[in-house]
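In our numbering, the protein residues as written are 1066 to 1682.
For every residue, glycine included, the Cβ atom is placed at its ideal position computed from N, Cα and C.
Reading through the structure tokens given below for one structure.
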């Protein structure tokens, strides 16, 4: 089943208003939105009513009620007495009853009679309390608060069912056990509280808020002008219709609530609600029962329309009860009270222990120091975080319910620090921007120069008589000149008219000696003055590296071209002459060296045969 209270994270603007009004610390900021902690929520609905963004809502019961009304079993609507304060726009209550019947309800009864029965149970409890003081349990939010956070007070909860459950028991006895029951209520917490009675004769199948009831009227286009008068189904109430107002329930049973003689403290509203529970718990000389409403009375419950005026609604409820009393049949009422007074209106409670561990003083102090709130005078708090003081916030931080970003002074302090850092960064960025602009200017100038140089080189390339081609590692043509195209023939010239320079053409498809280019790409070693045959032509090819293993260039000359042939013959003749000259020089050297050796040998022989030399020897 869906949670009772949930948040639309897309609407949440992190105002922290909901945290400020939550009495159970059941809301924490998580993933940048207010997250409801289900097992801590008491269902008071305060967060729903204060959220200006309508980001928090309670579980809708309209579809569930429609399903009940479409079934085969009879369906009973139990109207909370505060309904007269909500629907003050309807002139006659009988029109209102007719409108409810028009939705498909078989019976429409007042929870006020259940309040009459419950009031007498309280009177009996208070008259025989034997020194044990009780807290009234007609408010489900109060029951949740005590069970969750004041387990030592569970035994002080009055063991009596709320009026709508008492009325559910009545209608089952009167109209049959198979009836389905829908409670029309201003109370959001009641949507979960009625589950406690599932399977019993007090079972309530759905709780429909007054706001949801208005929506159904609008959906089915039901107005007071479209229906006939209709009276509530019996049994009818006496003063039970006053129970949504402070002291009202006890007036129904003639319980003395005067200051001097009464033993009951009745109060309403969030702050009084919390303080009265704490004083009941700690002040042992209080010696009075507590009758509490979390809301400003049920007439201001979270299931009512926004903008309702408390005292106007209070007057409407009193006026309605006064009007009913004019035709009240007390004898018949007493018979019905006697008929149903033996119904089991008891209930039990249990501790659910949702209290969080209290952090140590050291832990709290660490948080305060980090917040910059170590001084007592700095801990009063502005309330913007949702907690009444900085100390409460620090405790919530230790308990995992709050984060530092919720503290406005902490955020402002950090923001100022960030602003300073941003100013420094902006200054650096400004200087960087200036430098980038200068670099961009220089780059643009260099680009223009490079473009001019490229255009100059391309123009020069086109003027060369030799064919020039530049290819990448995939042998795709990057650039080539007109002479290269002309060397390849007519087909290449036609293709060049479509794709100037044969750019991106596959060299392997253009020339048969493309492997020379592949070889240079792979090993990086240039191939110079390589003669290759191409058809009836003889080309002199030189392939050289431009970018190692990436880009190579080739110069191709047609050796049969007259100007090339003359140049090549002269060049090669010069090379031959130079080579022959070197050979002649080497031969001359060798001959000269040999003649010198021969001369020496002959001189030695001649000398050995000279007479003068012989005698001397």
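Listed in chain order, the non-local C-beta contacts of residue 1345 below 8 Å within the same chain comprise 1198, 1200, 1218, 1221, 1351, 1355, local neighbours out to five positions each way being set aside. When secondary structure is reduced to three states using DSSP, residue 1579 falls in the coil class, being assigned neither helix nor strand. Residue 1309 is not a Cβ neighbour of residue 1425, given a cutoff of 8 Å.
Beta-bridge analysis with DSSP links residue 1334 to no other residue. DSSP places residue 1409 outside both helix and strand once states are collapsed to three, so it counts as coil. By the 16-neighbour rule on beta-carbons within 10 angstroms, residue 1182 is buried. The three-state secondary structure of residue 1225, taken from DSSP, is strand. The C-beta distance from residue 1620 to residue 1531 rounds to 5 Å, short enough to meet the 8 Å contact threshold. Across the structure, residue 1394 and residue 1401 are spaced so that their CA atoms are roughly 11 Å apart.
DSSP, read as helix, strand or coil, puts residue 1358 in strand.
In the assembly as shown, residue 1452 is a buried residue. Its beta-carbon has 16 or more other beta-carbons within 10 Å. Annotation: residue 1432 to residue 1079 spans about 21 Å, alpha carbon to alpha carbon. Within the model, the alpha-carbon separation for residue 1404 versus residue 1398 is close to 10 Å. CA-CA distance, residue 1153 to residue 1437, rounds to 52 Å. For residue 1315, the enclosing alpha helix (DSSP H) stretches over residues 1313 to 1316. The C-beta separation of residue 1177 from residue 1373 comes to about 20 Å, leaving the pair out of contact by the 8 Å criterion. Cβ neighbours of residue 1214 within its own chain (closer than 8 Å, five residues either side excluded): 1089, 1419, 1420.
Taking a C-beta distance under 8 Å as the contact criterion, residue 1568 and residue 1543 qualify as a contact pair.
The three-state secondary structure of residue 1532, taken from DSSP, is strand. In the same chain as residue 1614, and ignoring 5 residues on each side of it, the C-beta atoms closer than 8 Å to its own belong to 1538, 1586, 1587, 1589, in chain order. Between residue 1267 and residue 1238, the beta carbon gap of about 11 Å keeps them out of contact (Cβ cut-off 8 Å).
Between residue 1179 and residue 1364, the gap from beta carbon to beta carbon reaches 8 Å or more. When DSSP states are grouped into helix, strand and coil, residue 1622 belongs to the strand group.
The beta-carbon separation of residue 1274 and residue 1251, rounded to 7 Å, stays under the 8 Å limit for a contact.
Leaving aside the five residues that flank residue 1566 on each side, the residues in its chain whose CB is nearer than 6 Å to its CB run, in chain order, 1544, 1545. Secondary structure of residue 1564 (DSSP, three-state): coil.
If you draw a 10 Å sphere on the C-beta of residue 1384, you find fewer than 16 other C-beta atoms in it, and that means exposed. The alpha-carbon of residue 1469 is positioned some 11 Å away from that of residue 1461. About 5 Å separates the CB atoms of residue 1367 and residue 1113; that is less than 8 Å, so the two are in contact.
If you draw a straight line from the Cα of residue 1553 to the Cα of residue 1625, it comes to about 14 Å. Rounded to the nearest angstrom, the gap between the Cα atoms of residue 1195 and residue 1348 is 19 Å. Under the DSSP assignment, residue 1116 falls outside any beta strand (DSSP E); it carries neither an H nor an E label. Residue 1375 and residue 1334 have their C-alpha atoms roughly 12 Å apart. DSSP, read as helix, strand or coil, puts residue 1592 in strand. Contact annotation: residue 1338 and residue 1212 have beta-carbon atoms that are not nearer than 8 Å. Only residues of its own chain outside the window of five on either side were considered, and among them 1109, 1204, 1206, 1207, 1335, 1338 have a CB closer than 7 Å to the CB of residue 1359, listed in chain order.
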